[in-house]
Amino acid sequence: GESVGLHLPTLSVQEGDNSIINCAYSNSASDYFIWYKQESGKGPQFIIDIRSNMDKRQGQRVTVLLNKTVKHLSLQIAATQPGDSAVYFCAEGGKLIFGQGTELSVKP
Amino acid sequence: DVKVTQSSRYLVKRTGEKVFLECVQDMDHENMFWYRQDPGLGLRLIYFSYDVKMKEKGDIPEGYSVSREKKERFSLILESASTNQTSMYLCASSLMDRFTTFGSGTRLTVV
Chain B
407 GESVGLHLPT
417 LSVQEGDNSI
427 INCAYSNSAS
437 DYFIWYKQES
447 GKGPQFIIDI
457 RSNMDKRQGQ
467 RVTVLLNKTV
477 KHLSLQIAAT
487 QPGDSAVYFC
497 AEGGKLIFGQ
507 GTELSVKP
Chain E
137 DVKVTQSSRY
147 LVKRTGEKVF
157 LECVQDMDHE
167 NMFWYRQDPG
177 LGLRLIYFSY
187 DVKMKEKGDI
197 PEGYSVSREK
207 KERFSLILES
217 ASTNQTSMYL
227 CASSLMDRFT
237 TFGSGTRLTV
247 V
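Written as structure tokens, this is what we have:
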């Protein structure tokens with residue numbers, strides 16, 4: 407069946423460094439992907455999305471890269487801040503299949 | 137501001153009880169979803185609905201049913217609650233496959 411997975415359950419970075427969170431998916435027909443941020447006690451919040459006709463999409467301090475050949479996407483956060491500490495999920499659009507999440511911790 | 141509202145933040149129910157979790161959205165979204173979130177397992181899709189009275193099973197529908205009689209409301213029903221259904225339940229809605237918005241979650245404890 408469909409699955410979406412993340413490479414690392416936790417990631418710790420120094421404040422000001424760049425963060426990279428990775429995600430793999432299995433359904434080669436998937437054409438839409440979304441990254442979510444979930445802070446403690448809250449529901450997931452939309453960060454950025456990308457369609458399969460793109461390789462890269464940039465937002466404010468965030469970039470999503472999509473490699474359809476190896477069915478992999480990544481979320482890059484520039485100049486990571488303490489407020490970025492959260493669990494990050496990638497999700498496959500349509501039925502919204504989620505990966506397990508990566509917990510990002512930012513050290514001051 | 138768009139909103140997905142889940143009726144309860146915390147709920148404690150007894151084993152065997154019938155439990156209703158309610159979700160209401162004010163964005164006129166066609167799609168609505170129910171997930172459960174457990175440590176180490178991420179968000180797992182229970183059911184989703186792409187229109188009134190329409191529903192499809194997600195990855196873990198066993199022990200659950202849903203109801204969507206009106207566009208804005210999507211209810212998750214635990215026919216006979218069991219302790220392994222203790223979890224955080226999250227509702228979401230979306231327009232087509234974009235603009236997904238989540239509720240704040242209902243933490244259900246079954247004792």
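Residue numbers (my numbering), protein chains in the order written: chain B, 407 to 514; chain E, 137 to 247. We treat Cβ as the ideally placed atom computed from N, Cα and C, and that holds for glycine. As the structure is a computational prediction, the values presented were derived from the model and not from experiment.
When rounded, the separation of the alpha-carbon atoms in I426(B) and W441(B) is 12 Å. The beta carbon of L417(B) sits no closer than 7 Å to any beta carbon of chain E.
F238(E) reaches chain B at Y442, Q444, K448, G449, P450, Q451, F452, counting residues in chain order whose Cβ is nearer than 9 Å.
For the 7 Å CB-CB criterion, Q221(E) and L214(E) form a contact. One finds nothing in chain B with a Cβ atom closer than 7 Å to the Cβ of G152(E); even the nearest lies about 29 Å away.
The straight-line gap separating the alpha-carbon atoms of S185(E) and I454(B) is approximately 23 Å. Taken through DSSP and simplified to helix, strand or coil, N220(E) comes out as helix. The DSSP-derived three-state label of G489(B) is helix. Taking the C-beta atoms as reference points, G239(E) is found nearer than 7 Å to Q142(E).
Taking the Cα positions, F210(E) is about 5 Å away from C159(E).
Here D490(B) is buried. Its C-beta has 16 or more other C-beta atoms within 10 Å.
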